[in-house]
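**Student:** Submitted below is the structure of interest, expressed as structure tokens.
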Amino acid sequence: MKIAMMMAAAGIATTAAAQTDLFAEDFEGADQFSTSVLQFSDGGGDFWFETGGAFSTGGFVEYFGADGNFFNGMDLDGEGAGLPLIQTFDTFNIGGFTGLEFSIDLAEDDSSDGSEDFDDIDFVAFEYSLDGGSFVEFARVGSIDVNVPFNSAPAFNGVEVTNEFATFSVDLAGVVGSTLAVRAVWNLNSGDEDLAIDNVTVTGIPAPASAALLGLGGLAAARRRR
Numbered sequence: 479m480k481i482a483m484m485m486a487a488a489g490i491a492t493t494a495a496a497q498t499d500l501f502a503e504d505f506e507g508a509d510q511f512s513t514s515v516l517q518f519s520d521g522g523g524d525f526w527f528e529t530g531g532a533f534s535t536g537g538f539v540e541y542f543g544a545d546g547n548f549f550n551g552m553d554l555d556g557e558g559a560g561l562p563l564i565q566t567f568d569t570f571n572i573g574g575f576t577g578l579e580f581s582i583d584l585a586e587d588d589s590s591d592g593s594e595d596f597d598d599i600d601f602v603a604f605e606y607s608l609d610g611g612s613f614v615e616f617a618r619v620g621s622i623d624v625n626v627p628f629n630s631a632p633a634f635n636g637v638e639v640t641n642e643f644a645t646f647s648v649d650l651a652g653v654v655g656s657t658l659a660v661r662a663v664w665n666l667n668s669g670d671e672d673l674a675i676d677n678v679t680v681t682g683i684p685a686p687a688s689a690a691l692l693g694l695g696g697l698a699a700a701r702r703r704r
């Protein structure tokens, strides 16, 4: 009876703690990403770099609700860089986890005349590489209406991004393996086309076998204490 009760308690504890951060980049400490070109800013409307606070530069962009530091870019070829620019986050372990979910905080400033400002060819795409394989796109920020070629609202997988930071998520439940790498592919080539990102996170749930082992480990420890 005691054993059954302890196993039930272990199961409850495992369920409560099931969702686990496997990767988290909040841009507050040491960088967990690399970039295809050096970060840059001309002090005005051409930039791709990590910054922080309530950010406003040269009257070009302003984001609200920032949680400390974040990464942002606008008019990415304005300083001569060839597009797209690639931001690759560090590879991390996903072995023993299922039900992966990607989440990210996003904001985008209205253009200088107050209109929305993503052209239909502009985007920031998010891709993953499983176990060192080819990168596969799973989400993107692009024009909310691809039938409007100019100055359409930006959207993450169809959900509008505004100048107030908000969290967007994608289910990666079918992604199972040993390691995962995520990258952002930036292709914003005009003035007033910008994006800010923060709190890039991937979470997972321990696979049933792993959860069972955790429960049995707790049970064995309890037995030893008797």
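Letter 219 of the sequence shown, counting from 1, is numbered 697 in this note's numbering, and no numbers are missing.
From the three backbone atoms N, C-alpha and C, an ideal C-beta is built for every residue, glycine too.
Here the structure is a predicted model, which means the values were calculated and not measured.
#1: Less than 6 Å between C-beta atoms, sequence neighbours within five positions excluded: which residues of the same chain meet that for Phe501?
#2: I'd like the list of long-range same chain contacts for Val453, defined as Cβ closer than 8 Å, with 5 residues on each side in sequence excluded.
#3: If we require 3 or more residues per run, which beta strand (DSSP E) segments fall completely within the region 623 to 651?
#4: For Glu638 and Thr645, what's the separation of their Cα atoms in angstroms?
#5: Does Pro686 come out as helix, strand or coil in the three-state DSSP assignment?
#6: Where do the ends of the beta strand (DSSP E) carrying Thr513 lie?
#7: Work out the CA separation of Pro686 and Val663 for me, nearest whole Å.
#8: Below 8 Å between beta carbons: does that hold for Phe643 and Gly620?
#9: Should Leu578 be labelled buried (16 or more other beta-carbon atoms within 10 Å of its own) or exposed?
#10: Could you give the distance in angstroms between the alpha-carbon of Gly707 and the alpha-carbon of Leu650?
#11: I think Gly546 touches Glu506, with their Cβ atoms under 8 Å apart; what is that distance to the nearest whole Å?
#12: Drop a sphere of 10 angstroms on the beta-carbon of Pro627, count the other beta-carbons inside from all chains shown, and report buried for 16 or more, exposed for fewer.
**Tutor:** Judging by the given coordinates:
#1: The answer, listed in chain order, is Phe570 and Val680.
#2: Absent from the structure is residue 453, since the part of the chain shown begins at 479 and ends at 704.
#3: 632 to 634 and 644 to 650
#4: 11 Å
#5: Assignment of Pro686 by DSSP, reduced to helix, strand and coil, places it in the helix class.
#6: Phe511 to Thr513
#7: 34 Å
#8: no
#9: buried
#10: Any answer about residue 707 is impossible in this case: the structure gives the chain only from 479 up to 704.
#11: 5 Å
#12: exposed
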